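Chemist:
In this note's numbering, the protein residues as written are -17 to 45.
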């Protein structure tokens, strides 16, 4: 908002100041987002289910 107001009133110094602050805030937000994505826990494993076969037991395959 400060960038818009200072640019509309043609105050170059304040426009630069608020523009630089906005750019720094965007960089910090992007770094924070990248850190959250990088440290996201892995998805839970697929649930295993057993299938009963004819002539056999109901043991889970591979287990």
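All C-beta atoms, glycine included, are put in the ideal place defined by N, C-alpha and C. All of these numbers come straight from a predicted model, not from anything done at the bench.
Mind checking whether residue 0 and residue 10 have CB atoms under 8 Å apart?
Modeler: The Cβ-Cβ distance between residue 0 and residue 10 does not fall below 8 Å.
Chemist: Sorted by chain position, which residues of the same chain lie with C-beta nearer than 6 Å to residue 26's C-beta, five sequence neighbours on each side aside?
Modeler: none
Chemist: Residues in its own chain within less than 6 Å of residue -11 by CB, not counting five upstream and five downstream?
Modeler: -3
Chemist: Just the Cα atoms here: how many angstroms apart are residue 3 and residue 24?
Modeler: 35 Å
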